[in-house]
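A.B. asks: If you read the sequence shown in this note's numbering, its first letter stands for residue 1188, the second for the next number, and so on. Backbone N, C-alpha and C fix where the C-beta goes; we use that ideal spot for every residue, glycine too.
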Amino acid sequence: MRFFTESKWFFFITIIIYVILKALFFSGMASSYIQQIIQYAVIIALASIGLNIIYGFTGQFSLGHAAFYGIGAYTSAYLTKILGIDNLFSYIPVLMACSVISGIIGFLIGIPILKLKDDFLAIATLGFGTLVRVFFDNSDKLSDVLGGSRGFVGIPKITNLELILFFTLFIVVITRHMINSRFGLFWRCIKDDELAASSIGINTTNMKLKAFTYGCMLAGFGGAFYANLYTFLHPSNFDILKSIDFLIIVIIGGMGNITGTILASFIWVGFIEGLRIILPSEILDIRWVVIPILLIFIMMWRPYGIMIKKTK
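Structure (structure tokens):
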């Protein structure tokens, strides 16, 4: 009953947000740039929810989330360009394919690396992310369409606000159902004490692998939307800095908190883009000094995230 109540409220809130955004778009109060940034923030929220499942719920520290985001992006870009897809009806199977491919790769990678813990797992996922980045850099040797280090150009623009919100709403509802089921209970047990979870009969390896696979699938979804929103991809879009972006969003929003992740995504994207607008191009790189200072203050103010209160 709690699940249906939460889902109903989230659905109504999403509808209200959608109506407000469409009113802003049609009235001309939001420029095309602002519209694109809002859609991008929703995409980042979708991918960040995936990392929250991996890290926030099961405690698996991953620094390779951007790799699966990139796999979804390049898969969608390649399929939509090669197949000449330019309509929503034909695009939905592509979205599913991107999510499944990212999930399968996550599953195959997760089998060996999820035996590692803490720093060792972080290094392993970082290594995989670097490997994927190098692959993207040299992808033109596989197919000229992929562009390699020059970037992938000529991607059809298909992504729109309605499609992103629909899939995000659907995925949030499914994810909430999962975390309120035995899956979520087992994931939390593993995060709190993996040895104790194993001693009471939880197959920790299997549950961690399911969380990792699902998180990678969501990253693939987000990447697919990203590719067909911006119509251009470059390997640098999916490096370690992008993985850190996802990690920061999860920490700011609160690990294990889906609503916090969505809110933090808008805050983070808005802040980054705000600095890009405010700062002169000559000193734009100073944002990499401002951002860490801001994070320090946030961690001092809300060490458990903006949506989580410390329990005594």
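Expressed to the nearest angstrom, what Euclidean distance is found between the alpha-carbon atoms of Leu1250 and Thr1400?
C.D. replies: Their Cα atoms are separated by approximately 15 Å.
A.B. asks: Assuming Lys1429 is part of the alpha helix (DSSP H), what are its boundary residues?
C.D. replies: From DSSP, the alpha helix (DSSP H) with Lys1429 extends over 1427 to 1440.
A.B. asks: Jot down the residue ranges of each uninterrupted alpha helix (DSSP H) in the stretch 1317 to 1378, minimum 4 residues, whole runs only, in chain order.
C.D. replies: DSSP runs (the alpha helix (DSSP H)) wholly in the stretch 1317 to 1378: 1348 to 1366.
A.B. asks: Under 8 Å, do Ser1289 and Met1404 count as touching if we go by C-beta distance?
C.D. replies: The answer is yes: Cβ separation under 8 Å.
A.B. asks: Since Glu1578 is in the alpha helix (DSSP H), which residue starts that stretch and which ends it?
C.D. replies: Given a span of 1188 to 1499 for the chain in the structure shown, any question on residue 1578 remains unanswerable.
A.B. asks: Could you pull the DSSP bridge partners for Leu1462 from this structure?
C.D. replies: According to DSSP, Leu1462 bridges with nothing at all.
A.B. asks: For Leu1275, which three-state DSSP category applies?
C.D. replies: The answer is helix: DSSP assigns Leu1275 an H, G or I state.
A.B. asks: Measure the beta-carbon distance from Gln1226 to Thr1362 and round it to whole angstroms, keeping in mind my assumption that it falls under 8 Å.
C.D. replies: Going by Cβ atoms, the distance from Gln1226 to Thr1362 rounds to 20 Å, so no, they are not a contact pair.
A.B. asks: Taking the DSSP output, what are the residues bridged to Leu1420?
C.D. replies: In DSSP, Leu1420 forms a bridge with Phe1339.
A.B. asks: Specify, as a first and last residue, the run of the alpha helix (DSSP H) that Gly1259 falls within.
C.D. replies: Unbroken alpha helix (DSSP H) run through Gly1259: 1252 to 1269.
A.B. asks: Under 8 Å, do His1252 and Leu1238 count as touching if we go by C-beta distance?
C.D. replies: Result yes, Cβ atoms of His1252 and Leu1238 sit closer than 8 Å.
A.B. asks: Quick check: what's the CA-CA separation for Ser1423 versus Val1477?
C.D. replies: One C-alpha to the other measures close to 21 Å.
A.B. asks: Could you work out which residue in Ile1445, Lys1302, Gly1257, Tyr1491 is closest to Phe1419 when comparing CA atoms only?
C.D. replies: Checking every option, the nearest Cα to that of Phe1419 belongs to Gly1257.
A.B. asks: Taking the alpha carbon of Met1494 as the point to measure from, which residue in Ile1445, Leu1482, Asn1367 has its own alpha carbon closest?
C.D. replies: Minimum Cα distance to Met1494 is reached at Ile1445.
A.B. asks: Which residue comes first and which comes last in the alpha helix (DSSP H) that contains Ile1480?
C.D. replies: Its alpha helix (DSSP H) spans residues 1474 to 1488.
A.B. asks: Tell me where the alpha helix (DSSP H) around Leu1471 begins and ends.
C.D. replies: Per DSSP, Leu1471 belongs to no alpha helix (DSSP H) and is neither H nor E.
A.B. asks: Ignore the nearest five residues each way along the sequence and tell me which others in Phe1276's own chain have a CB closer than 7 Å to its CB.
C.D. replies: Correct list: empty, nothing qualifies.
A.B. asks: Measuring only the C-alpha atoms, how far is Lys1268 from Ile1389?
C.D. replies: Using only the alpha carbons, I get a separation of about 44 Å.
A.B. asks: Less than 8 Å separating the beta-carbons of Arg1369 and Phe1244?
C.D. replies: The answer is no: Cβ separation not under 8 Å.
A.B. asks: Could you compute how far the alpha carbon of Gly1454 sits from the alpha carbon of Gly1492?
C.D. replies: Note on identity: in this sequence residue 1454 is Ile, with Gly being the wrong assignment. Their backbone Cα atoms lie some 13 Å apart in a straight line.
A.B. asks: From Ile1310 to Lys1378, what does the alpha carbon distance come to, in whole angstroms?
C.D. replies: Approximately 19 Å between the Cα atoms of the pair.
A.B. asks: Below 8 Å on the Cβ atoms is my contact criterion, and I expect Val1319 with Ala1254 to pass it. Report the Cβ-Cβ distance as a whole number of Å.
C.D. replies: Going by Cβ atoms, the distance from Val1319 to Ala1254 rounds to 4 Å, so yes, they are a contact pair.
A.B. asks: Contact defined as beta carbons within less than 8 Å: I believe Gly1334 pairs with Asp1327. What is the distance between those atoms, to the nearest angstrom?
C.D. replies: So it is a contact: roughly 6 Å between Cβ atoms.
A.B. asks: Cβ of Ala1509 within 8 Å of Cβ of Gly1410?
C.D. replies: What is shown of the chain runs 1188 to 1499, which leaves residue 1509 out entirely.
A.B. asks: Apart from the five residues just before and just after Gly1440, which ones in its own chain have a Cβ nearer than 7 Å to its Cβ?
C.D. replies: These residues qualify, in order along the chain: Gly1447, Thr1448, Leu1450, Ala1451, Gly1492, Ile1493, Met1494.
A.B. asks: What is the DSSP secondary structure of Ile1291, counted as helix, strand or coil?
C.D. replies: Helix.
A.B. asks: Per DSSP, what kind of secondary structure is Lys1397 in: helix, strand or coil?
C.D. replies: Here Lys1397 sits in helix by DSSP.
A.B. asks: Could you check where the alpha helix (DSSP H) with Ser1219 kicks off and where it finishes?
C.D. replies: Taken as a continuous stretch (DSSP letters only), the alpha helix (DSSP H) holding Ser1219 covers 1219 to 1238.
A.B. asks: What residues in its chain sit with their C-beta under 7 Å from that of Met1487, if we drop five residues either side in the sequence?
C.D. replies: Here the set comprises nothing.
A.B. asks: Which residue from Ile1231, Gln1222, Ile1459 puts its Cα closest to that of Val1437?
C.D. replies: Out of Ile1231, Gln1222, Ile1459, Ile1231 has the C-alpha closest to the C-alpha of Val1437.
A.B. asks: I'd like the list of long-range same chain contacts for Ile1291, defined as Cβ closer than 7 Å, with 5 residues on each side in sequence excluded.
C.D. replies: Excluding residues within five positions, none has a Cβ falling inside 7 Å.
A.B. asks: Sorted by chain position, which residues of the same chain lie with C-beta nearer than 7 Å to Ser1235's C-beta, five sequence neighbours on each side aside?
C.D. replies: Phe1433, Ile1436, Val1437, Thr1448, Ser1452.
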